[in-house]
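Numbering (our numbering), first residue to last: 1 to 404.
Using N, Cα and C, we set each Cβ at its ideal position, and we do this for glycine too.
Note that the coordinates shown come from a computational prediction; the quantities given were computed from them, not determined experimentally.
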């Protein structure tokens, strides 16, 4: 396919799914999640979105929000009970066994999350998951959760990135509770620091997956950074972004599994509908050549790398419960949260649960595309129902662990 044809398909895709949710009054975007064009090649933004709806949408979730929960009222509302999907819901949606996972998963985020250990344990206790019994988050001997600094001291604090980290560590633990989780804190959101933290994450003991729920706009020198996401025995995952049909890096790197997003509808513990989330990013890279594992979808992407590769729950309107004791956008405590920042750690954790532990991201991606259109992925219908790949959702969402 000629490049101009592929770009036309991308434009049609964006038109089909409409604009992103950036102007939706029911959603809150922390400052850390605001994408700025001038950050391309310089700084990353997170992909976390807080649901701020005044009423629960019963068509999306099996639970109902009560008026007395005080989740989203007042200047600094603190919810004392969780709303949103819980771990058992999402495990059921993707047919993932409980109390699973092994080895270790590293989360890379920016800045310091001082209450990470406390919030991790509040979430774990609420859902009957293993607790980290250590009182020191930085001890290498910790069994379930450890904080690692990019340098030798804790970075400064940023509340938006705290929300991102809360989502990441809690939902990796929700899906793969027996895997150790490292939270690697970059000194800042500059790409230089994020890349340095990512390299450090890949060297930590027993790490098999690295999850990166952040990105920046593509930039002309990005191919020189692709080697950042190459380490023996480690698979790297990045969220595709929360702006419709917009390409971001590192999700467009050929050395990264790009994770797009869906809207998930469940009833009585079963999925009734999973559709592309209209806010999910992705598309045809401006700078990365098509990798060998995507030759099967060359008719969609032409001569360039396409993202996403796979997808999972992301729409904040069908979001999950997250606990963050720090205050972000006037909220703290239990919140309903989404964004492709959710899909990324969920997919990394499912891959951990699979136990395949392939030697690199390209090997993992070859497995994903080798199963294109097969029974190991839920087909997410898009603008062309017979197609097997779409920009926001890739080959589909996992059905069990065999596809990853």
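Between which two residues does the alpha helix (DSSP H) harbouring residue 364 extend? Residues 361-370.
Per DSSP, what kind of secondary structure is residue 30 in: helix, strand or coil? Of the three classes helix, strand and coil, the one that applies to residue 30 here is coil, per DSSP.
Over what stretch of residues does the alpha helix (DSSP H) that includes residue 119 continue unbroken? Its alpha helix (DSSP H) spans residues 116-126.
Tell me the residue span of the alpha helix (DSSP H) that contains residue 313. Careful: residue 313 lies outside any alpha helix (DSSP H), inside the beta strand (DSSP E) at 310-313.
Measure the CB-CB distance between residue 213 and residue 239 and report whether it falls below 7 Å. A contact, by the Cβ cut-off of 7 Å.
Leaving out five residues on either side along the sequence, give the residues of the same chain with a beta carbon under 7 Å from the beta carbon of residue 358. The residues are 235, 364 and 367.
Going by DSSP in three states, residue 324 sits in which element: helix, strand or coil? The three-state secondary structure of residue 324, taken from DSSP, is strand.
Please classify residue 160: is it buried, with 16 or more other beta-carbons within 10 angstroms of its beta-carbon, or exposed? Looking at its Cβ environment, which holds 16 or more other Cβ atoms inside 10 Å, residue 160 is buried.
Residue 264 burial status per 10 Å Cβ neighbour count (16 or more: buried): Classification for residue 264: buried.
Keeping to the same chain, check which residues put their C-beta closer than 7 Å to that of residue 204; ignore five residues upstream and five downstream. Counting only Cβ-Cβ distances below 7 Å, and skipping sequence neighbours, we find 104, 106, 148 and 182.
Taking 7 Å as the threshold (C-beta atoms), are residue 325 and residue 119 in contact? Yes, they are a contact pair.
Rounded C-alpha distance that separates residue 175 from residue 101: C-alpha separation (whole angstroms): 8 Å.
Please state whether DSSP places residue 160 in a helix, a strand or coil. Of the three classes helix, strand and coil, the one that applies to residue 160 here is helix, per DSSP.
To the nearest angstrom, report how far apart residue 399 and residue 168 are at their CA atoms. In this structure, the straight-line span from the alpha carbon of residue 399 to that of residue 168 is close to 21 Å.
Roughly how many angstroms separate the alpha carbons of residue 256 and residue 162, rounded to a whole number? So the two alpha carbons sit approximately 24 Å from each other.
Nearest by alpha-carbon distance to residue 403: which of 309, 371, 392 and 191 is it? Cα-wise, what sits closest to residue 403 is 371.
Could you compute how far the alpha carbon of residue 289 sits from the alpha carbon of residue 220? Approximately 13 Å, taken between the alpha carbons.
Taking 7 Å as the CB-CB cut-off, is residue 44 touching chain D? Of the protein chains in this structure there is only one, and it is not chain D.
Run through the DSSP bridge pairs and tell me what residue 262 is partnered with. 276 and 313.
Helix, strand or coil at residue 247 according to DSSP, with G and I counted as helix: The answer is coil: DSSP assigns residue 247 none of H, G, I, E or B.
Runs of alpha helix (DSSP H) lying entirely within the segment 191-222, each at least 4 residues, in chain order: The segment 191-222 is shown to contain whole alpha helix (DSSP H) runs of 4 or more residues at 191-201, in chain order.
Taking the alpha carbon of residue 126 as the point to measure from, which residue in 83, 241, 304 and 45 has its own alpha carbon closest? Ranking the options by Cα distance to residue 126, first place goes to 83.
Residues in the same chain with beta-carbon distance under 8 Å from residue 200, minus the five sequence neighbours each way, listed in chain order, please. 148, 150 and 184, listed in sequence order.
Measure the C-alpha to C-alpha separation of residue 331 and residue 110 and round it to an integer number of angstroms. Linking residue 331 to residue 110 through their CA atoms gives a straight-line distance of about 20 Å.
N-terminal and C-terminal residue of the beta strand (DSSP E) that residue 104 is part of: Following the DSSP letters along the chain, one finds residue 104 inside the beta strand (DSSP E) bounded by residues 104-110.
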